[in-house]
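Residue numbers (this note's numbering), protein chains in the order written: chain A, 9 to 373; chain B, 9 to 373.
Where is the CB? At the ideal position from N, CA and C, for every residue including glycine.
Small disclaimer: the values here were computed from a predicted structure and weren't measured.
Working notes, beginning with the structure itself.
Protein chains: 2
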Amino acid sequence: MEHGDGTASQPTIYDVARQAGVSIASVSRVLNGSRNPLPDTRDRVMQAVTELGFIPDGAARALSARLKEVIGVVIRRPTVTVPDDGIFEDEEASLQFPDLINRGIEIAAQRRDFNLLVSSVEAGGHDDSARIFALARKSDGLILHDRVLEPAQLERLSRRVPVVTLAGMATPATANVGSDNAAGMAMLARHLIRDHGYLTLAYLGGFADSPDNVARRAALESEAAAAGAVLGTGPEWTGNYEASGGARVIGQLLAAGAPLPRAIMCANDQTALGVMYALTSRGIAVPGEVAVTGYDDIPMARHLQPRLTTVRQPIQQLGAVAFETLYALISGDDGARRDVVLPTRLIRRESCGCAPEPPPPAGPR
Amino acid sequence: MEHGDGTASQPTIYDVARQAGVSIASVSRVLNGSRNPLPDTRDRVMQAVTELGFIPDGAARALSARLKEVIGVVIRRPTVTVPDDGIFEDEEASLQFPDLINRGIEIAAQRRDFNLLVSSVEAGGHDDSARIFALARKSDGLILHDRVLEPAQLERLSRRVPVVTLAGMATPATANVGSDNAAGMAMLARHLIRDHGYLTLAYLGGFADSPDNVARRAALESEAAAAGAVLGTGPEWTGNYEASGGARVIGQLLAAGAPLPRAIMCANDQTALGVMYALTSRGIAVPGEVAVTGYDDIPMARHLQPRLTTVRQPIQQLGAVAFETLYALISGDDGARRDVVLPTRLIRRESCGCAPEPPPPAGPR
DNA sequence: GTTGTTGTGGTAAGCGCTTACCCCACGGGG
DNA sequence: CCCCGTGGGGTAAGCGCTTACCACAACAAC
Numbered sequence: 009m010e011h012g013d014g015t016a017s018q019p020t021i022y023d024v025a026r027q028a029g030v031s032i033a034s035v036s037r038v039l040n041g042s043r044n045p046l047p048d049t050r051d052r053v054m055q056a057v058t059e060l061g062f063i064p065d066g067a068a069r070a071l072s073a074r075l076k077e078v079i080g081v082v083i084r085r086p087t088v089t090v091p092d093d094g095i096f097e098d099e100e101a102s103l104q105f106p107d108l109i110n111r112g113i114e115i116a117a118q119r120r121d122f123n124l125l126v127s128s129v130e131a132g133g134h135d136d137s138a139r140i141f142a143l144a145r146k147s148d149g150l151i152l153h154d155r156v157l158e159p160a161q162l163e164r165l166s167r168r169v170p171v172v173t174l175a176g177m178a179t180p181a182t183a184n185v186g187s188d189n190a191a192g193m194a195m196l197a198r199h200l201i202r203d204h205g206y207l208t209l210a211y212l213g214g215f216a217d218s219p220d221n222v223a224r225r226a227a228l229e230s231e232a233a234a235a236g237a238v239l240g241t242g243p244e245w246t247g248n249y250e251a252s253g254g255a256r257v258i259g260q261l262l263a264a265g266a267p268l269p270r271a272i273m274c275a276n277d278q279t280a281l282g283v284m285y286a287l288t289s290r291g292i293a294v295p296g297e298v299a300v301t302g303y304d305d306i307p308m309a310r311h312l313q314p315r316l317t318t319v320r321q322p323i324q325q326l327g328a329v330a331f332e333t334l335y336a337l338i339s340g341d342d343g344a345r346r347d348v349v350l351p352t353r354l355i356r357r358e359s360c361g362c363a364p365e366p367p368p369p370a371g372p373r
Numbered sequence: 009m010e011h012g013d014g015t016a017s018q019p020t021i022y023d024v025a026r027q028a029g030v031s032i033a034s035v036s037r038v039l040n041g042s043r044n045p046l047p048d049t050r051d052r053v054m055q056a057v058t059e060l061g062f063i064p065d066g067a068a069r070a071l072s073a074r075l076k077e078v079i080g081v082v083i084r085r086p087t088v089t090v091p092d093d094g095i096f097e098d099e100e101a102s103l104q105f106p107d108l109i110n111r112g113i114e115i116a117a118q119r120r121d122f123n124l125l126v127s128s129v130e131a132g133g134h135d136d137s138a139r140i141f142a143l144a145r146k147s148d149g150l151i152l153h154d155r156v157l158e159p160a161q162l163e164r165l166s167r168r169v170p171v172v173t174l175a176g177m178a179t180p181a182t183a184n185v186g187s188d189n190a191a192g193m194a195m196l197a198r199h200l201i202r203d204h205g206y207l208t209l210a211y212l213g214g215f216a217d218s219p220d221n222v223a224r225r226a227a228l229e230s231e232a233a234a235a236g237a238v239l240g241t242g243p244e245w246t247g248n249y250e251a252s253g254g255a256r257v258i259g260q261l262l263a264a265g266a267p268l269p270r271a272i273m274c275a276n277d278q279t280a281l282g283v284m285y286a287l288t289s290r291g292i293a294v295p296g297e298v299a300v301t302g303y304d305d306i307p308m309a310r311h312l313q314p315r316l317t318t319v320r321q322p323i324q325q326l327g328a329v330a331f332e333t334l335y336a337l338i339s340g341d342d343g344a345r346r347d348v349v350l351p352t353r354l355i356r357r358e359s360c361g362c363a364p365e366p367p368p369p370a371g372p373r
């Protein structure tokens, strides 16, 4: 049977061997650079390879070599909701932070001739674990983004394949790569409290089961307590890492007549986007009346009005390090680090109340 | 040899067969629902599968069934440049448009139990074709984003595996999925010329070898000619589909003392972002002095100040249709459409000079 | 001259599945 | 009563590679 178009079947290693007048073992050895074949053999093989355009089949190679050179990556894709008033349409699907991480993973993977098999699970998904376990059988290891698998399932999975989590916690059987939430949040809190003198704050969090979210809140709580600032938290301040969640929280708070704090610190930039939209569209000045901050520093943060003060994570590097960690696990490198924390940096822009930076020189760059 | 952690080797179909007291053929038949096994056999197999947690190995399955249930997707990743003045840092890496398309592909692929193997090639890359051909041997077919392969290489590739291009042109051996550039650009041009009365326009294009770019320019030229408007094009108006390219073009034009047109129509939203930044940071009012428009309607377009007037493509749907087209090719469905064009829609916001929409009602949603 | 010792190429045994083919029990027709 | 059709299970042959193992030169040392 042929493909839809007239593609004939591809040449195999047997075709190459025949054409070069050698055995398939020699072809394989030349191609994989093992056992140092004679120059004559090598040349004959290489010429046959070129003439036939031979490229080894991935599945056969994987089966035989017990290495697929593929790693699986799983992201959590928000539930598709009815577009609210349209302003956040596609916003949720545009996972800037995860996509940027994946870019980092992919670039690192290329250096080792690995490829990325990506899969997404829906937020409210039911039997997502089946898909993830199946993905594991198509790859040599997995990188899991935040909250794609229940801890129990994660434990089960990690007994079968090497697993690296992002924004999770290292366990005996899994490694984790993340950034320094505590330091980042502390820097941000100090800036708002000391530099701006804000004394009423609120943390608009992500999901309760997100380790990043928990760590950020904890850092904030201890920082606020130490400085004698009031920190609003609690169920009414629970978002979902998405713009719509941030907007919803503000809407409900305002509807309930609750007073707003002087500064709202969001669990991530997307949430801050929703918050800023909800505030300004109701005539509440940002940062004049309420300051807003984010976390991550995705590119969009710079383009908001006012520009978003946030904590920068080295996003692509996070991905690259996650790959290298997984690669070490796959290669059986026992010295591999199992818990990597990358540094964060405070990015002051205007949404916190800082003065706009002077306009850049007007000449051509 | 074991993995870095103590993962033992996974159960095989032989283990299941032994545990269930049947042959491996029966296990396979139960699992693949072929040949209608007896209820007793089915139950015994299913129980053994559950007890052992058996999941078939992807490589073995692929080798035997001659179907990998994997499709390759190749995006073009911009060359990493030294960050200019920092404002566009990471901007280039954040490929919102391609990433959103990939999301659409992935969701469609899941419905058929296919996975996505993603790879990127660098803009200035040299032997990228080798990587793409290798990817083809790890998958059942490829979806190629804009300009990832030279036409000659594309032709060679398409003789070996089913290929669907995005933003390309259908060829005898490849299918293409795109959106209606001509209609979209015409709507936009008419809006600027008729509704706003702008008579001097410019098209800030993408790459000369991008079919989308060519089609958009052509539509614009004929529309401008028909309406008697002046359209600036030419080498000085050549961007690169990225924010930095848009900013660079404006910078050079201004430095050369060239007069700006009343409206600048960009090849995509990212370019428009760069253009708006370059203009406003030099004190040129958008849209007051110069109107700016984009193309694609990525989520960011709504968050720019002023909000970006643009042409919306059904981005995720583009990806979904590309997958279905490729799937048809892989399945040997000869009735498959080989050139799909999806509709576009004009999105009027403020960057063209339209009045801001009235603020939304202030109550909670 | 014989016996190692290297270094190369070939042979064939898998890797873990799918499936063509065969075999056998069971019924219904002649 | 026998024969054949039918439906299920088992056996084994691959799929296209890698690699353990062996054969066999060529050469060094004795």
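For the pair residue 178 of chain B and residue 220 of chain B, the Cα-to-Cα distance works out to about 13 Å. Per DSSP, the beta bridge partners of residue 317 of chain B are B/301.
In the DSSP assignment, residue 79 of chain B falls within the beta strand (DSSP E) that extends over 78-85.
Approximately 4 Å separates the beta-carbon atoms of residue 299 of chain A and residue 271 of chain A; this is inside 8 Å, confirming the contact. For residue 67 of chain A, the closest Cβ of chain B is nearer than 8 Å.
Taking 3 residues as the minimum length, the beta strand (DSSP E) runs contained wholly in the stretch 104-180 of chain A are 123-130, 150-152, 171-174, in order along the chain.
Where residue 350 of chain B is concerned, the enclosing beta strand (DSSP E) starts and stops at 347-350. Secondary-structure assignment with DSSP links residue 273 of chain B through a beta bridge to B/211, B/301.
The beta carbon of residue 126 of chain A sits closer than 8 Å to some beta carbon of chain B. When CB distances to chain B are screened at a threshold of 7 Å, the residues of the stretch 99-119 of chain A falling below it are 99, 101, 102, 104, 107, 108, 111, 114, in chain order. C-alpha of residue 71 of chain A to C-alpha of residue 28 of chain B: approximately 25 Å in a straight line.
Here DSSP, grouped into helix, strand and coil, assigns residue 183 of chain A to strand. Boundaries of the alpha helix (DSSP H) harbouring residue 21 of chain A: 21-28, taken from the DSSP string. Each residue's CA atom was taken as its position, placing residue 216 of chain B and residue 222 of chain B some 7 Å apart. Pairwise C-beta distances place the stretch 238-250 of chain B out of contact with the stretch 176-191 of chain B, as fewer than three of them are shorter than 8 Å.
Between residue 273 of chain A and chain B, the shortest Cβ-Cβ separation is not below 8 Å. Rounded to the nearest whole angstrom, the C-alpha separation of residue 363 of chain B and residue 357 of chain B is 8 Å.
DSSP places residue 239 of chain A inside the beta strand (DSSP E), whose first and last residues are 238-240.
The stretch 345-355 of chain B and the stretch 330-347 of chain A do not touch, with fewer than 3 CB-CB distances between them shorter than 8 Å. Assignment of residue 310 of chain A by DSSP, reduced to helix, strand and coil, places it in the helix class.
Not a single C-beta of chain A is nearer than 8 Å to the C-beta of residue 21 of chain B. For residue 105 of chain B, the CB contacts under 6 Å within the same chain, skipping 5 residues up- and downstream, are 304, 306 in chain order.
In terms of beta-carbon proximity, residue 324 of chain B lines the interface with chain A, with at least one pair separated by less than 8 Å. About 5 Å separates the Cβ atoms of residue 128 of chain A and residue 83 of chain A, confirming a contact at the 8 Å cut-off.
Check the Cα spacing between residue 205 of chain B and each of B/147, B/232, B/318: the tightest is with B/232. Close CB contacts of residue 195 of chain B within its chain, under the 6 Å cut and outside five residues either way in sequence, are with 354 (chain order). If you keep only unbroken beta strand (DSSP E) runs of at least 3 residues inside the stretch 189-233 of chain A, you get 208-212. Within chain A, the residues whose beta carbon sits less than 8 Å from that of residue 78 of chain B are 125, 146, listed in sequence order. Close to residue 308 of chain B, with beta-carbon spacing below 7 Å, are these residues of chain A in chain order: 308, 311. Residue-level contact check: residue 168 of chain A touches chain B, since one or more beta carbons of chain B fall below 8 Å from its beta carbon. One finds 145, 168 in chain B with Cβ atoms closer than 8 Å to the Cβ of residue 18 of chain A, taken in chain order. With fewer than 16 other CB atoms across the displayed protein chains lying within 10 angstroms of its CB, residue 158 of chain B is exposed.
In this structure, residue 274 of chain B lies near residue 280 of chain B, with their beta-carbon atoms less than 8 Å apart. Only those residues of the stretch 230-243 of chain A whose C-beta falls short of 7 Å from the nearest C-beta of chain B would be listed, and there are none. Of the residues assessed, residue 59 of chain B falls on the exposed side of the cut-off, its CB having fewer than 16 other CB atoms within 10 angstroms. The C-beta distance from residue 108 of chain A to residue 98 of chain B rounds to 7 Å, short enough to meet the 8 Å contact threshold.
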